[in-house]
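Student: Handing you this structure, nothing more for now.
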Amino acid sequence: MPFERKALWAALALSCVLVANGQMVDLLSYVAEAPLAAVLDASVQPPPRTTGFETLVPQENIRLHCAKPSAAYYEEVFFGDISVGQKINFSQPLTVVIHGWTENSNLTQYNSLSSRYRRFVPDANFCLLDWRPYAQFNYMTAARKSVPLVAQLLFGFLQNLSVLYYPLERVTLVGFSMGGQISALASKSLSGRIGTIYALDPAGPLFTHPFDVGTTKRLTKTDAQFIQVIYTSRYAIGMGPIVGHQNFLPNRGYHPQDPCKSLALSLIKSIRCSHEYAVTLFTATLDPAAVITGQKCINILGSPLCIPGIGVTDRVGIHSKRFQGDFYL
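Read left to right, the sequence shown gives residues -22 to -1, 1 to 307 (mature numbering (1 follows the signal peptide of the UniProt record, and there is no 0)).
Shown next, in the form of structure tokens:
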């Protein structure tokens, strides 16, 4: 039998074995996902980590810092912290912000978000979830291992609050990129009891493309009582499907966003700029006076037709009226 025919039969036999073991889809997914993950890895400097995941201790390497309303400083809240009632005001709402891949909560964009949130929403407890040691791994590891792990610890923290009779409908999760997916997974484990999720261009690669992992493993509408999603790089770095109760889509949610069209930017930096534009919009609109509105449009053959003055409008961010649907900017 010629070598080519033997190879073909061997491949078919392997496929049959893999299908019988439920592994064929996993193999095909990996073949498609690995090159995409490698491209993302090559786009960041310094290069992401590839080893050492098992040496990290989640309770030591994932940190949660919270500030009571009007408090001058943050306190670290340990997972399972029995003194959490002294570090969070149980009579006030709670907001937790979760950063994205390769990031940490000390970056300028999160310092700005934090200071503006605490300034314009002074009656809320405010927390920053910092998972930087796990965010520094390559994209495949971060998406497949880090995100579920961090989500599990966030779930444990929120469940502990619930056991102590803190109402979960008063919890708001704000997540950028992979942080949006962490918010979703943590909320799923609480059966959609979380009050609000603001997903800022939630991560798409290895969540919705090249294959959709399914609604049990990524953001979907049932994860919280209200979900607002700001899409700024759909099917690039951001997820593609429109899944929120309320969805804002500047430039229909696609790259490039207006501030990112400069010819001076490389393609990678330009796409990253569009991805981060979701954080920029959300942060700007924390000020009640900074009104950025989107409009519901007429759908014609799958494309939105927006006519000024016709169609419901609502504003981006926490001050929206929570009208449901898709809003174009």
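The beta carbon of each residue, even a glycine, is placed where N, CA and C say it ideally should be.
Taking Y306 as the reference, which of I296, H297, I285, K299 has the closest Cα?
Tutor: Minimum Cα distance to Y306 is reached at I285.
Student: Around the Cβ of residue 309, are there at least 16 other Cβ atoms within 10 angstroms (buried) or fewer (exposed)?
Tutor: With the chain covering only -22 through 307, there is no way to say anything about residue 309.
Student: Going by Cα to Cα distance, which pick from T261, G280, D292, P266 is closest to S90?
Tutor: The candidate whose alpha carbon is nearest that of S90 is T261.
Student: Where does G287 fall in DSSP's three states?
Tutor: Note: G287 maps to coil in three-state DSSP.
Student: For a minimum of 4 consecutive residues, which ranges assigned as the alpha helix (DSSP H) are wholly contained in the stretch 140 to 173?
Tutor: Listed in chain order, they are 156 to 166.
Student: Which one or two residues does DSSP pair with D19 in a beta bridge?
Tutor: D19 is not bridged to any residue.
Student: May I have the straight-line CA-CA distance separating A20 from T86, to the nearest angstrom?
Tutor: Distance between the alpha carbons of A20 and T86: 23 Å.
Student: Just to confirm the assignment, what range does the alpha helix (DSSP H) spanning L91 have?
Tutor: Per DSSP, L91 belongs to the alpha helix (DSSP H) from 86 to 98.
Student: Specify the secondary structure class of V62 as computed by DSSP and reduced to three states.
Tutor: V62 falls in the helix class under three-state DSSP.
Student: Report the start-end ranges of each beta strand (DSSP E) in the stretch 186 to 274 that is 3 residues or longer and not cut off at the edges.
Tutor: Here the runs fully enclosed are 204 to 208, 224 to 227, 271 to 273.
Student: Determine the burial state of K247: buried for a count of at least 16 other Cβ atoms within 10 Å of its Cβ, exposed for fewer.
Tutor: Exposed, because fewer than 16 other Cβ atoms sit within 10 Å of the Cβ of K247.
Student: Residues in the same chain with beta-carbon distance under 7 Å from P126, minus the five sequence neighbours each way, listed in chain order, please.
Tutor: Result list for P126: L163, in chain order.
Student: Compare the beta carbon distance of R158 and A181 with 8 Å and say whether it is the shorter of the two.
Tutor: Contrary to the premise, residue 158 reads as Gly rather than Arg in this sequence. Cβ distance < 8 Å, so G158 and A181 count as in contact.
Student: Below 8 Å on the Cβ atoms is my contact criterion, and I expect I205 with H223 to pass it. Report the Cβ-Cβ distance as a whole number of Å.
Tutor: With 8 Å as the limit, I205 and H223 qualify as a contact, their Cβ atoms being about 5 Å apart.
Student: Using CA atoms only, rank isn't needed, just tell me which of W79, A50, K46 is closest to A15.
Tutor: Of the candidates W79, A50, K46, the one whose C-alpha sits nearest the C-alpha of A15 is W79.
Student: Compare the C-alpha of A12 against each of M118, S48, G58, F56 and name the closest.
Tutor: Looking at the Cα atoms, M118 is the closest of the given residues.
Student: I'd like the list of long-range same chain contacts for L18, defined as Cβ closer than 7 Å, with 5 residues on each side in sequence excluded.
Tutor: Same-chain partners within the cutoff: Y117, P183.
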